[in-house]
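Following: one structure in structure tokens, then a few remarks.
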Amino acid sequence: MIIRVAKVGTRNRVVLPVEVLDVLGVDSGDALFFVIRDHTVQLSRSPENFSEYLALHNETLPAPVDPDDIDPRQMRFGWGEEAW
2 MIIRVAKVGT RNRVVLPVEV LDVLGVDSGD ALFFVIRDHT VQLSRSPENF
52 SEYLALHNET LPAPVDPDDI DPRQMRFGWG EEAW
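Residue numbering for the sequence shown follows this note's numbering, beginning at 2 and increasing consecutively.
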């Protein structure tokens with residue numbers, strides 16, 4: 002196990018340690034996903050396609066139950082809703 006620390010700068014920027022970037026397999030310019038659930042944050046790289054992403058996170062990304070709890074700043078995955 003390796004533990005590394007990253008500090009938040011004055012402009013809310015975080016520089017991830019090289020070991021973290023290597024494990025995630027990301028390079029400069031790649032997108033990272035922050036999946037927030039309860040009091041935890043899961044960090045992952047952007048997938049090649051979203052079917053891969055949804056398959057990996059099927060259990061951890063439930064659709065919101067109450068429409069009043071929806072935060073308009075968050076990404077939506079409407080795989081349980083028929084909008085056709």
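Beta carbons: idealized from backbone N, C-alpha and C, even for Gly.
Start and end residues, beta strand (DSSP E) containing residue 42: Reading the sequence shown from its first residue, position 41 is the one you call residue 42. Start and end: 41–46.
Look at the Cβ atom of residue 25, then the Cβ atom of residue 46, and state whether they are nearer than 7 angstroms. Taking the first residue of the sequence shown as position 1, residue 25 is located at position 24. Taking the first residue of the sequence shown as position 1, residue 46 is located at position 45. Contact flag set, yes.
Per DSSP, what kind of secondary structure is residue 27 in: helix, strand or coil? Within the sequence shown, residue 27 is the residue found at index 26, counting from 1. Looking at residue 27 - three-state DSSP - the assignment turns out to be coil, as it is neither helix nor strand.
So the beta strand (DSSP E) residue 37 belongs to, where does it begin and stop? As a working note, residue 37 is residue 36 in the sequence shown. Run containing residue 37: 33–38, per the beta strand (DSSP E) assignment.
Given a cut-off of 7 angstroms on the beta-carbon distance, is the pair residue 35 and residue 27 in contact? Within the sequence shown, residue 35 is the residue found at index 34, counting from 1. Within the sequence shown, residue 27 is the residue found at index 26, counting from 1. No, the pair does not count as a contact, with Cβ atoms beyond the cut-off.
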